[in-house]
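Here the structure comes first, spelled out in structure tokens, and everything after it is commentary.
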Amino acid sequence: MIDGSADQQINLDIGGRAVPLRVRRHRRARNIILRIDTANDGALLTLPWRTPLADGLGLARSKASWILRGLDALPPRMPFADGAMVPYLGVVHRVRHRPDARGVAWREDGEINVTGRPEHLPRRLTDWLRRQARSEIAPRVAAKAASLERQPGRIVLRDTRSRWGSCSANGDLSFCWRLVMATEPVLDYVVAHEVAHLAYRGHGPRFWSTVASLTDAADDARAWLRKNGEGLHRYG
Ligand SMILES: [Zn+2]
């Protein structure tokens with residue numbers, strides 16, 4: 055979707071507060087789009103290919119108070135560290151650093167235990183959650199694809215910001231590993247959605263009835279993602 059060029063990073067001064075602004079060029083964008091950049095505590099400006107940067111910055115400056123309101127409304131950040139409260143399939147777990155234990159990480163009695171040196175904890179916990187996401191997603195993909203008599207391609211876990219999943223033309227399925235922090239019905243819905251794309255590319259009525267045949271409460275899951283999805287990017 056994105057046209058390859060690296061995002062440009064600018065600091066926007068809003069009333070003495072430095073707000074990081076990412077500027078992205080998009081070939082198919084028709085208008086200047088300004089959004090809150092949840093992952094970076096800043097704003098994201100998308101510009102059509104030929105729009106001068108000054109036009110985009112002018113828009114961002116004119117929306118300064120909207121940007122500040124949006125940033126102040128973000129849920130608090132939860133860095134991965136000893137004592138952090140992190141949801142696993144929607145159930146909040148306490149992260150416990152276990153420097154002397156063996157293994158990498160494990161989940162037990164409402165806690166996620168992470169071994170190793172303290173400075174490695176964020177990386178280890180992220181890697182573990184990514185593996186858990188795969189172990190939750192892969193069997194669901196297999197079962198749902200089999201019920202449609204379709205053959206899925208590779209399953210890839212990413213840290214995507216704009217989409218929870220995608221299905222390529224050759225049947226490879228990509229998911230955001232952060233889904234393992236969402237509730238189980240939400241994760242199940244996203245899998246059902248992408249697997250249904252193995253049968254129907256678009257989002258027509260037959261696509262949606264296929265999704266409904268693969269998962270319960272798709273509407274509730276979509277509502278959950280609209281309300282809580284951004285918050286999953288505040289972890290780690
Ligand atoms: Zn879709």
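For the sequence shown, my numbering begins at 55 and goes up steadily by one. Built from N, CA and C at the ideal position, the CB exists for glycine as well. This one's a predicted model, so the numbers in the text were calculated from it and none came from an experiment.
Collect the residues with a C-beta less than 6 Å away from any heavy atom of ligand 1 and give them in sequence order along the chain. Those residues, listed in chain order, are H247, H251, H257.
Does the pairing of the segment 98-108 with the segment 72-83 give three or more beta-carbon distances under 8 Å? Taking a contact to require three or more Cβ pairs closer than 8 Å, the segment 98-108 and the segment 72-83 qualify as touching.
Using C-beta distances below 8 Å, list every residue in its chain close to G283, excluding the 5 sequence neighbours before and after it, in chain order. The residues are W218, A236.
Quick one: what does DSSP say R288 is sitting in, helix, strand or coil? Secondary structure of R288 (DSSP, three-state): helix.
Measure the CB-CB distance between V145 and A135 and report whether it falls below 8 Å. Cβ distance not < 8 Å, so V145 and A135 don't count as in contact.
Give the single residue among L233, N167, R232 whose Cα lies nearest to the Cα of A155. For the residues L233, N167, R232, the minimum Cα distance to A155 belongs to N167.
When DSSP builds the beta bridges, which residues end up paired with E162? Per DSSP, E165.
Does the structure place the segment 267-281 close enough to the segment 240-248 that three or more beta carbon pairs sit under 8 Å? Cβ pair count under 8 Å is three or more, so yes.
Spatial distance of F261 from N224 (CA atoms): F261 and N224 have their C-alpha atoms spaced approximately 18 Å apart.
Given that a residue counts as buried once 16 or more other Cβ atoms are within 10 Å of its Cβ, and exposed if not, what is L107? Label assigned to L107: exposed.
Beta strand (DSSP E) containing L99: first to last residue? First-last of the beta strand (DSSP E) with L99: 96-102.
Under 7 Å Cβ to Cβ from C221, same chain only, skipping five residues before and after it: list those, please. If you ignore the 5 residues before and after C221, its C-beta comes within less than 7 Å of the C-beta of L227, E248, H251, L252, all in its own chain and listed in chain order.
Cβ of A197 within 8 Å of any chain B Cβ: The chain inventory of the structure shown lacks chain B, comprising one protein chain alone.
From R280 to S216, what distance separates their C-alpha atoms? Straight-line Cα distance between these residues: approximately 12 Å.
Every unbroken beta strand (DSSP E) within the segment 226-272, with a cutoff of 3 residues, ordered by chain: The beta strand (DSSP E) runs lying completely inside the segment 226-272 and spanning 3 residues or more are 227-230, given in chain order.
From the DSSP output, in three-state form, read off N282 for me. DSSP places N282 in helix when its eight states are reduced to three.
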